[in-house]
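The end of the sequence shown is residue 266 by full-length UniProt numbering, with every number in the run present. Structure, as structure tokens:
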Amino acid sequence: MRAACIGDNCIDYYRNLERKYPTGNAVDTAVNMRKLGVPTSIISTTGSDEYGKWMIETLKHEGLDTSHLKVAEGKTAITYMDLEGLDRVHGTYEEGVLADMVFDDEDVRFAIEHDIVHTALWGNAESTLHRIHEAGTKVSFDYADKLDHPLVESTLGDVDYAFYSYHKGKDDFIRSFLQDKVNRGVTVATATFGEEGSLSWDGTRFYDGPVYPAKNLVNTVGAGDSFIAGFLVGVLNGNDIARCLDRGARIASEVVSVFEPWVASE
């Protein structure tokens, strides 16, 4: 079994702490899936600057297939962040080479060689999803907390596993929302609620996901991507939904105990 993550890569730079690391939804999910034992590829474009070199070196070190991580002339994307207590404060975002990132036929050909392909709202990969899905490869999409974003509707027929972040708990709205998405094409729709766990609907029943308290809560930045990584590894291993939710919760509790969005390799 093989997974691919297609989309963004960037540097998060915490100015008040003078700390930074390579990240991005596609990057974080890919690295965490690899750490859970699944051979994983990254499909993206990084810059020709020192940050781009650092990105490539880091992802190779973490064991990803970087054969389709392109280098474009220009700057690697960077998000300026601050950490106030345990709360992330997003500052300015410089898109760099991601502004002109294009996924070509070779990227799509490579993607469909994998068993599952994951992307996210800011990955700019939505134009590839129909071809990937039509070829029989499972598709996963992280819509973050943008439940009313146009891509939630336009990608419905090409997504098997949909993830949403919701801040009001397991209320009637989110239950109906998840049911609607499955009724219209998604295989499993999942909402995450931070400290209140998660909830999945598969067309038959709801599944409540557990919460595992972090041993030492440091930074919640990688919680969502690591949860998705654990869930998708469960899917690839043939686990039922309850077990997939459990896998996601366990890895997320580990990741929020470190500053970076994954537990770094030695």
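From the three backbone atoms N, C-alpha and C, an ideal C-beta is built for every residue, glycine too.
Query: State the Cα-Cα distance for the pair Val-186 and Gly-194, rounded to the nearest angstrom.; Result: 22 Å
Query: What's the call for Gly-7, buried or exposed, on a 16-neighbour Cβ count within 10 Å?; Result: buried
Query: Name the residue from Ala-72, Glu-73, Lys-70 and Gly-91 whose alpha carbon lies nearest to the alpha carbon of Tyr-80.; Result: Gly-91
Query: With burial defined as no fewer than 16 other Cβ atoms inside 10 Å of the residue's Cβ, what is the status of Pro-261: buried or exposed?; Result: buried
Query: Tell me, which residues are paired with Arg-88 by DSSP?; Result: Leu-83
Query: When you compare the CB positions of Leu-121 and Ala-99, do they come within less than 8 Å of one another, or not?; Result: no
Query: Does DSSP put Val-139 in a helix, a strand or coil?; Result: strand
Query: Going by Cα to Cα distance, which pick from Gly-230, Gly-197, Ser-253 and Glu-196 is closest to Thr-220?; Result: Ser-253
Query: Which same chain residues, not among the five before or five after Glu-18, have their C-beta less than 6 Å away from its C-beta?; Result: none
Query: When the Cα of Asp-115 is compared with those of Gly-136, Val-211 and Asp-105, which residue comes out closest?; Result: Gly-136
Query: Within 10 Å of its beta-carbon, does Met-1 have 16 or more other beta-carbons around it, so buried, or fewer, so exposed?; Result: exposed
Query: Helix, strand or coil, according to DSSP, for Ile-43 in the structure here?; Result: strand
Query: Less than 8 Å between the beta carbons of Ala-125 and Phe-103, yes or no?; Result: yes
Query: Starting from the C-beta of Phe-163, find all residues in its chain whose C-beta is less than 6 Å away, skip the five residues before and the five after it, and write them out in chain order.; Result: Asp-142, Thr-190 and Ile-228
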